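Input: a single structure, listed below in structure tokens.
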Amino acid sequence: MLTHNKYPTEHYRALDAAHHLHPFSDTRSLNAGGVRVIVKGEGVWLTDSDGNRILDGMSGLWCVNIGHGRREIAEAVQQQMAEISYYNTFFKTTHPPAVELAALIAEVTPEGFNRVFFCGSGSEANDTILRMARTYWATLGKPSKQVIIARRNAYHGSTVAGASLGGMAPMHAQGGLPIPGIRHIGQPYWFDHGGDLSPAEFGLKAARELEAAIDEIGEDKVAAFIAEPIQGAGGVIIPPDTYWPEVARICRERDILFVSDEVICGFGRLGSWFGAEHFGMKPDLMPVAKGLSSGYLPIGGVLVSDKVAGVIEDTGEFNHGFTYSAHPVCAAAAIANLKVLREEKLVERVRDDIGPYLRERWMKLADHPLVGEARMTGLMGALELVPAKPSHRRFAGDGSIGLRCREHSFRNGLVMRHVHDTMVIAPPFVLSHEEADELIRLATLTLDMTH
Ligand code: PLP
2 MLTHNKYPTE
12 HYRALDAAHH
22 LHPFSDTRSL
32 NAGGVRVIVK
42 GEGVWLTDSD
52 GNRILDGMSG
62 LWCVNIGHGR
72 REIAEAVQQQ
82 MAEISYYNTF
92 FKTTHPPAVE
102 LAALIAEVTP
112 EGFNRVFFCG
122 SGSEANDTIL
132 RMARTYWATL
142 GKPSKQVIIA
152 RRNAYHGSTV
162 AGASLGGMAP
172 MHAQGGLPIP
182 GIRHIGQPYW
192 FDHGGDLSPA
202 EFGLKAAREL
212 EAAIDEIGED
222 KVAAFIAEPI
232 QGAGGVIIPP
242 DTYWPEVARI
252 CRERDILFVS
262 DEVICGFGRL
272 GSWFGAEHFG
282 MKPDLMPVAK
292 GLSSGYLPIG
302 GVLVSDKVAG
312 VIEDTGEFNH
322 GFTYSAHPVC
332 AAAAIANLKV
342 LREEKLVERV
352 RDDIGPYLRE
362 RWMKLADHPL
372 VGEARMTGLM
382 GALELVPAKP
392 SHRRFAGDGS
402 IGLRCREHSF
412 RNGLVMRHVH
422 DTMVIAPPFV
432 LSHEEADELI
442 RLATLTLDMT
452 H
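In this text, residue positions in the sequence shown follow the numbering used here: the first is 2, and each later residue adds one.
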């Protein structure tokens, strides 16, 4: 049992308020409520500095897929630290963790993917995408193919390129984004934008926005289309069944690269190794991060198809890389993580066991008077909070009901996240049936308190 003495809450809160600028936070409201100090993690459970247990329904930030506190990862990291804690793979050097991780990734990627470019995060992976896609076409003698088509409300990271590719209006508003050469089209969000169309009709309509944008810009100017298989930070937006096949047709018929942003969906979250596989898509590039190391240490990468790798290798020098590309200790954590995923068959567990088990119960939350829609694929789920049913009408205001719901949830001992008035979850793959039942009990209690 943790005591106040070991982690004195007020001590941490005061220092935090004085010295720590939090990401994606309004500092005034943050400090008004007092931040919660998280001190321990084990499996799906977190413990705060007052000794409260909280079920981590978000796997940290969609990343701690194998659960918190795994000894295997700690030991692999410690061993690697003792061998060589840092070296790079620039200038004709490599090291065992980089090589072993790259080979291990090639074993789990779809056919035609055998190369990985390492970086430190999902944002860096998407910066790499931008340069790699444009360099690909320039090397092929088509330097005018520069524009990258992305989607509104998509999240592709916080660096300048990542946030520009992303379609988050508040992020664009700060810092004069997006950078030139990026075009945003609509998202396949039937609940919000479907109108009178059936999901199937709307899925086709949303996909054809891509074709219309290519026509308008000119195929000779478009480099790539980037999209998350399921938009995560945008609110777990699961496209209608017709969407991805139509996007696949358009990408096949028009001469553009398809980039599947697998930062959340990659490494098992949808019950397949990659989200693109779940939807039968054949991407050219796949940015990854989060689930690659289950968040134990920061590492990301771009998984590069043979088609693109061959051209990039012909480019001569690809002038791009990071001090921490293939950091040996982070790579060792990722290797240990992939071994856990494989040995414990956790991807299969999401597909055949805990995914369907949780989904069956989660979908019943649609019966709650506050819930207009429940959806879940793999271990990624959302609830749309509405003022009246049946209705797609939203609450007035900008997400205050969702915020209230999230706060009740946290106090009740469950981490759910809100995106305006959409509640989202993405629990670790090791969630047991009993813990899934507890998650549903806490979510129901939270909805009752919010209603
Ligand atoms: N791409 C997607 C789909 C994401 O969800 C995220 C982060 O949430 C990123 C990219 C950026 O990753 P990072 O925060 O590691 O830079």
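Yeah, the Cβ is synthetic: ideal placement off N, Cα and C, and Gly gets one too. Owing to the predicted nature of the structure, the values given are computational and were not obtained by experimental measurement.
Proximity of the beta carbon of Ala-332 to ligand 1 is not indicated: no heavy atom of the ligand is located closer than 7 Å.
Between ligand 1 and the CB of Ser-165, the shortest heavy atom gap is not smaller than 7 Å.
Gln-232 is bridged by DSSP to Ile-238. Spanning the alpha carbons of Ala-213 and Val-161 requires a straight line of approximately 26 Å. Within 7 Å of the C-beta of Asp-57 there is not a single heavy atom belonging to ligand 1. Judged by the Cβ position, Ser-60 fails to qualify as a neighbour of ligand 1 at the 7 Å threshold, every heavy atom of the ligand being at least this far. Secondary structure of Leu-384 (DSSP, three-state): strand.
Counting along the chain, the unbroken beta strand (DSSP E) around Lys-41 starts and ends at 39–43.
With fewer than 16 other Cβ atoms from the protein chains shown falling within 10 Å of its own Cβ, Ala-19 counts as exposed. Contact annotation, Ile-441 with Leu-102: C-beta distance approximately 36 Å; criterion of less than 8 Å not satisfied. Assignment of beta-bridge partners to Glu-374 by DSSP yields Glu-385. Our two residues, Ser-26 and Gly-311, have alpha carbons roughly 42 Å apart in a direct line.
Residue pairing of Asp-49 in beta bridges, as defined by DSSP: Ile-39. Taking a C-beta distance under 8 Å as the contact criterion, Tyr-297 and Ala-249 do not qualify as a contact pair. For His-434, DSSP records no beta bridge to any residue. In the DSSP assignment, Gly-302 falls within the beta strand (DSSP E) that extends over 301–306.
Annotation for Gln-79: no residue places its beta carbon closer than 6 Å to its own, counting only its chain and skipping 5 residues before and after. Two segments are said to touch when three or more pairs of C-beta atoms, one from each, lie closer than 8 Å; by this definition the segment 265–278 touches the segment 348–355. Assignment of beta-bridge partners to Ile-426 by DSSP yields Gly-382. Nearest to Gln-188 by C-alpha distance, out of Leu-359, Ile-231 and Ala-225, is Ile-231.
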